[in-house]
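Inspection log for the structure reproduced underneath, given as structure tokens.
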Ligand code: NAD
Ligand code: IPM
Ligand code: MN
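Here it is, written out as structure tokens:
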């Protein structure tokens with residue numbers, strides 16, 4: 002049989018709790034469809050700092066490189082927050098994305114009808130919201146030169162934001178292609194009224210736009226976009242933007258869906274066609290405030306498995322089954338605390354995972 006290798010990186014905080022539920026989903030998919038997954042667990046993030054002295058051990062990277070896909074929980078926590086840059090969990094996260102060439106981060110935000118009440122926004126504003134943030138993931142201010150120095154007025158810090166035209170072009174082409182397969186609308190988000198990197202971004206987008214005449218393109222300044230996302234979320238289809246803007250806007254988009262615990266992501270390289278290598282992780286972090294209590298919503302990680310099935314394994318039927326199971330369980334009124342209106346009836350992480358697994362069925 003065709004054995005698929007998945008590197009599993011649970012990480013810190015709620016990472017192991019949500020990844021455990023995603024692994025139940027993998028197992029159920031094996032039973033239902035006869036797939037065969039070989040999972041290999043690897044140390045990463047804070048736990049890897051504690052046990053191996055580095056957030057991204059060589060062997061973890063090797064396990065990821067030899068796998069067909071990577072499933073990741075989350076990293077970070079107060080224990081490592083005052084560490085030097087090399088000994089920070091987040092540095093490992095940037096390192097793994099860079100080392101695997103994953104420059105394209107797809108973050109779909111879909112509002113389930115029955116969760117409109119879970120959001121802090123008005124239900125009628127959320128109606129029909131189904132957007133995809135395409136976030137550039139290996140460039141910009143995250144990866145530019147950083148330094149500390151003594152200036153005239155005391156200590157100074159510098160973060161450099163650099164983008165080259167190749168980096169901009171490849172992410173924009175992917176975003177146009179994704180838009181072509183959706184509602185054919187692309188919003189390119191930048192700060193071209195101030196930033197030179199944004200001016201290059203906008204010029205590049207405009208130069209390649211004629212190659213995608215069927216896609217309606219709009220340029221939106223990032224501050225305005227942050228506002229429009231709350232004012233008219235359903236009018237967005239695909240949003241393409243640079244690394245840090247995408248980080249911020251996707252957490253904002255999460256609140257349209259009711260919770261950051263709902264948002265899945267796929268990090269891809271040169272191709273997003275079925276069969277491509279990818280790293281799949283929830284958009285949220287390690288949530289130290291709720292870690293170890295069984296309170297975390299596992300849906301973001303479970304929906305990341307659906308993205309893995311679709312984009313890496315071409316298991317579209319199983320991906321549909323996962324998404325349908327999530328929708329069914331939510332429709333029946335089951336909630337974790339983050340999306341519950343009545344918190345006293347909230348389910349635990351594993352109860353939610355078990356219900357979704359039980360609801361998975363062949364079409
Ligand atoms: P966070 O996403 O971890 O948490 C923000 C808030 O959302 C918290 O109140 C948390 O309880 C809640 N939340 C997050 N995920 C949830 C879930 N699945 N179910 C229910 N509630 C959930 O962001 P933060 O608090 O800013 O960061 C905490 C740590 O995580 C930091 O160390 C940060 O660097 C790290 N982080 C890691 C990743 C990643 O690994 N990809 C992403 C973001 C943040
Ligand atoms: C994310 C996270 C990371 C990022 C941090 C933890 C480095 O916020 O995946 O969204 O900013 O990319
Ligand atoms: Mn983030």
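Numbering (full-length UniProt numbering), first residue to last: 2 to 364.
Glycine included, each C-beta is placed from N, C-alpha and C at the ideal position.
Under DSSP, the beta-bridge partners assigned to residue 266 are 282.
Bounds of the beta strand (DSSP E) holding residue 41 are 37-42. In the DSSP assignment, residue 294 is bridged to no other residue. Annotated as proximal: residue 283 and residue 302, with beta-carbon spacing under 7 angstroms.
Taking 7 angstroms as the cut-off, the Cβ atoms of residue 103 and residue 280 count as close. In terms of side-chain proximity, the C-beta atom of residue 287 is found nearer than 6 angstroms to a non-hydrogen atom of ligand 1. The continuous stretches of alpha helix (DSSP H) do not include residue 87, and DSSP gives it neither H nor E. Two segments are said to touch when three or more pairs of C-beta atoms, one from each, lie closer than 8 angstroms; by this definition the region 145-152 does not touch the region 175-193.
Going by C-alpha positions, residue 243 is about 30 angstroms away from residue 125. Residue nearest to residue 358 within the set 219, 24 and 158 is 24 (criterion: CA-CA distance). By DSSP's assignment, residue 25 forms no beta bridge with any residue. The beta carbons of residue 364 and residue 257 sit about 28 angstroms from each other, so the pair does not count as a contact at 8 angstroms. Here residue 297 is not near residue 310, since their CB atoms are 7 angstroms or more apart. Note that the region 83-94 touches the region 51-62; at least 3 beta-carbon pairs, one per stretch, sit closer than 8 angstroms. Taking all protein chains in view, the Cβ of residue 147 is surrounded by fewer than 16 other Cβ atoms within 10 Å, so the residue is classified as exposed. Per DSSP, the continuous alpha helix (DSSP H) segment holding residue 63 begins and ends at 59-67.
In this structure, ligand 3 has a non-hydrogen atom nearer than 6 angstroms to the beta-carbon of residue 248.
Rounded to whole angstroms, the separation of the alpha carbons of residue 130 and residue 236 is 7 angstroms. The alpha-carbon of residue 346 is positioned some 8 angstroms away from that of residue 336.
With a cut-off of 6 angstroms, the C-beta of residue 327 is classified as distant from ligand 1, since no heavy atom of the ligand falls inside that distance.
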